[in-house]
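Colleague:
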Amino acid sequence: MELQLLTNNVYYFLASVNIGYVRFSESEGMLIDAGLEDQTMKKVLKMLDEKGLPLTHLFITHAHADHYGGAAYLQKNRQVYTMAPSFESLILQEPMLEPLYLFHGTNPISEWRNKFLEGKPIHVDLLVKEEGAVELGGVVFLTVALPGHSYQQFGILVSEILFAADAYFGKDIIHKHGIPYIVDAKEALETLEKIKKLPCRGAVPGHGRFETGFMETIDENIKVHHQIEAMIYSLITAETAGIAFEQLVTKACTEKGITVKSVPSYMLFRTAVTAYLTKLIQEQKAYFQIRNNQLVVESSFE
Ligand SMILES: [Zn+2]
Numbered sequence: 077m078e079l080q081l082l083t084n085n086v087y088y089f090l091a092s093v094n095i096g097y098v099r100f101s102e103s104e105g106m107l108i109d110a111g112l113e114d115q116t117m118k119k120v121l122k123m124l125d126e127k128g129l130p131l132t133h134l135f136i137t138h139a140h141a142d143h144y145g146g147a148a149y150l151q152k153n154r155q156v157y158t159m160a161p162s163f164e165s166l167i168l169q170e171p172m173l174e175p176l177y178l179f180h181g182t183n184p185i186s187e188w189r190n191k192f193l194e195g196k197p198i199h200v201d202l203l204v205k206e207e208g209a210v211e212l213g214g215v216v217f218l219t220v221a222l223p224g225h226s227y228q229q230f231g232i233l234v235s236e237i238l239f240a241a242d243a244y245f246g247k248d249i250i251h252k253h254g255i256p257y258i259v260d261a262k263e264a265l266e267t268l269e270k271i272k273k274l275p276c277r278g279a280v281p282g283h284g285r286f287e288t289g290f291m292e293t294i295d296e297n298i299k300v301h302h303q304i305e306a307m308i309y310s311l312i313t314a315e316t317a318g319i320a321f322e323q324l325v326t327k328a329c330t331e332k333g334i335t336v337k338s339v340p341s342y343m344l345f346r347t348a349v350t351a352y353l354t355k356l357i358q359e360q361k362a363y364f365q366i367r368n369n370q371l372v373v374e375s376s377f378e
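Position one of the sequence shown corresponds to residue 77 (my numbering), numbered consecutively onward.
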């Protein structure tokens, strides 16, 4: 983990999951996300203390454990005013909701409740419901709605730097994932187009590096989403009698060279494939059907 200075008051901790930091004044500062676990937060606090950087606020962009897992340790050891999108906050307060939704509402068995899917619960002081400007110590930051990767993800725009959370991934990372995790393909694409128009001169993704010329990375993310959508559509149209949904998930993963290694990981890919599928269904290019007690996806064109 490495602390990098972006402007005179904006920093980020470069790691496998990036954490942002904004210094508002001599006595106030905010972390953007909290990393995966206690150990991550211990390192962050040590580095802030060494540099004499104050910490009074925490903003959680979305309720994925790799972004909030370190927050419980922070709240136990420091006094921080915590802000998070209102819908995501429900999961931050009851983290079992994530394995619960990934497993279709079934009470998840212990193997499915790992630290990547479920962090420790935290309390949220301010529920962010909409975009807006917040002023602290003379610094103004904007909350920016970036849905698509999670239901109600928000980013932060401060001093012309966008903390984009998982709205996009670094180029290497999106290709490594094969199929990126999303919950809504239409929103994920709209969010990427929105980012291109934001008044910023640099951006930090949740996974990847800070870039000033990040438009190319955004375009690469858009291209990847379009390619996966087209690939899924061609898998559906290739089967005139339709394709069993689970088979579609398998074929999509195989097509992208993915070897799924665990049951929870399968569920994440299953959700992402469904998120591309719902876009095709909304566009009336495909539809779900039940045939012989099986969930089947059919193309709308015969
Ligand atoms: Zn995420």
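Glycine is no exception: its CB is placed at the ideal position from the N, C-alpha and C atoms.
If we call anything under 8 Å between Cβ atoms a contact, is L193 one with E174?
Modeller: Yes, they are a contact pair.
Colleague: Residues around ligand 1, please: the ones whose beta-carbon is closer than 5 Å to some heavy atom of it, in chain order.
Modeller: This criterion selects H140 and D242.
Colleague: Measuring CB atoms only, is the region 336-352 touching the region 178-187, in the sense that at least three cross pairs come out at less than 8 Å?
Modeller: yes
Colleague: Taking the alpha-carbon of E263 as reference, which of C276, A221, V215 and Y363 has the nearest alpha-carbon?
Modeller: A221
Colleague: When you compare the CB positions of A209 and I167, do they come within less than 8 Å of one another, or not?
Modeller: Going by C-beta atoms, A209 is not nearer than 8 Å to I167.
Colleague: Considering only residues of the region 260-313, which uninterrupted alpha helix (DSSP H) runs meet the minimum length of 4 residues and lie entirely inside it, listed in chain order?
Modeller: Entirely contained in the region 260-313, the alpha helix (DSSP H) runs reaching 4 residues are, in chain order, 261-273 and 291-313.
Colleague: Span of the beta strand (DSSP E) holding S375?
Modeller: Q370 to S375
Colleague: What do you get for T291, buried or exposed, if any count of 16 or more other CB atoms within 10 angstroms of its CB means buried?
Modeller: It is Met, not Thr, that sits at residue 291 in the sequence shown. The residue in question, M291, is exposed, as its Cβ has fewer than 16 Cβ neighbours within 10 Å.
Colleague: Helix or strand or just coil, what does DSSP make of E174?
Modeller: helix
Colleague: What three-state label does DSSP hand M106 in the structure shown?
Modeller: strand
Colleague: Using the Cβ count rule (16 or more neighbours within 10 Å means buried), how would you classify H302?
Modeller: Counting other Cβ atoms within 10 Å of its Cβ, H302 stays below 16 and is therefore classed as exposed.
Colleague: By DSSP, does Y244 sit in helix, in strand, or in coil?
Modeller: The answer is coil: DSSP assigns Y244 none of H, G, I, E or B.
Colleague: Quick one: what's T158 bridged to in DSSP?
Modeller: L134
Colleague: Within the region 174-203, note down every full alpha helix (DSSP H) run reaching 4 residues or more, in order along the chain.
Modeller: none
Colleague: Ordered along the chain, which non-local residues of its own chain (more than five positions away) have a Cβ less than 7 Å from that of V325?
Modeller: F345, R346 and V349
Colleague: Considering only C-alpha positions, which residue in the set Q358, L176 and G195 is nearest to P184?
Modeller: Residue L176 is the option with its Cα nearest to P184.
Colleague: Using CA coordinates, which residue listed in E305, V280 and K337 is at the minimum distance from D242?
Modeller: V280
Colleague: CA-CA distance, G224 and Y257?
Modeller: Near 9 Å, if we compare the C-alpha coordinates of Y257 and G224.
Colleague: For K247 and E187, what's the separation of their Cα atoms in angstroms?
Modeller: 31 Å
Colleague: Going by DSSP, what residue range makes up the alpha helix (DSSP H) through A392?
Modeller: Past the boundaries of the shown model lies residue 392; the chain is included only from 77 to 378, so the question cannot be answered.
Colleague: Counting pairs of Cβ atoms below 8 Å between the region 94-109 and the region 129-137, do you hit three or more?
Modeller: yes
Colleague: May I ask you to verify whether the region 313-321 touches the region 363-377, counting CB pairs closer than 8 Å and requiring at least 3?
Modeller: Contact holds: three or more Cβ-Cβ distances are below 8 Å.
Colleague: Please check the pair V156 and L134, which I expect to be a contact at CB under 8 Å, by giving their CB distance rounded to whole angstroms.
Modeller: 5 Å
Colleague: Keeping to the same chain, check which residues put their C-beta closer than 6 Å to that of T116; ignore five residues upstream and five downstream.
Modeller: G146
Colleague: Of all the options S92, N297 and I366, which has the alpha carbon lying nearest to the alpha carbon of G282?
Modeller: S92
Colleague: Distance, Cα to Cα, G278 vs F286?
Modeller: 7 Å
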